[in-house]
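Here the structure is laid out as structure tokens; the discussion comes afterwards.
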Amino acid sequence: MPTIDLPAAGPATCIVVESRSLDGARIAVRITASEALSGRYSLQVRKSDAAGSAVMEQAGGFATGAGETRGFGQVLVSVAPAGELVLDARIAFNGTTVRCGHQRTDSL
Numbered sequence: 002m003p004t005i006d007l008p009a010a011g012p013a014t015c016i017v018v019e020s021r022s023l024d025g026a027r028i029a030v031r032i033t034a035s036e037a038l039s040g041r042y043s044l045q046v047r048k049s050d051a052a053g054s055a056v057m058e059q060a061g062g063f064a065t066g067a068g069e070t071r072g073f074g075q076v077l078v079s080v081a082p083a084g085e086l087v088l089d090a091r092i093a094f095n096g097t098t099v100r101c102g103h104q105r106t107d108s109l
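The opening position of the sequence shown corresponds to residue 2 in my numbering, with each subsequent residue numbered one higher.
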């Protein structure tokens, strides 16, 4: 199965959204489809800060309608403001895997 990096994703694109606050982060996968699609998503979060490190994984099915943007796979993680998060999200559909882009917002 080929893996495609954004933006050359064809009928679907995805982005992993990281919203940081003083005591943690909310992470979610957003999928936008130009046609009705179903498939699977996976999300891996690696956290490292003064309190320690952890790896969290989540996966499941998704379905979107044509022109729709939907959110899947929300994770809440406790992480210090200077802590590091490494995010890897992908969607798979019709024999293709797409690696998601990344968007971070801070409300520190």
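Glycine included, C-beta positions come from ideal geometry on N, C-alpha and C.
If you draw a straight line from the Cα of residue 36 to the Cα of residue 25, it is about 35 Å long. For the 7 Å CB-CB criterion, residue 41 and residue 66 do not form a contact. In the displayed model, residue 96 falls within coil according to three-state DSSP, outside both helix and strand. Pairwise C-beta distances place the segment 49 to 61 out of contact with the segment 94 to 103, as fewer than three of them are shorter than 8 Å.
The Cβ atoms of residue 27 and residue 77 lie closer than 7 Å to each other. For the options 30, 69, 18 and 58, the alpha carbon positioned closest to that of residue 12 is the one of 69.
Under the criterion of beta carbons closer than 8 Å, residue 44 and residue 82 do not qualify as touching, at roughly 22 Å. The DSSP-derived three-state label of residue 76 is strand.
Shown here for residue 20: same chain residues with a beta carbon closer than 6 Å to its own, the five before and five after excluded, namely 27 and 106 in chain order.
Across the structure, residue 91 and residue 80 are spaced so that their CA atoms are roughly 23 Å apart.
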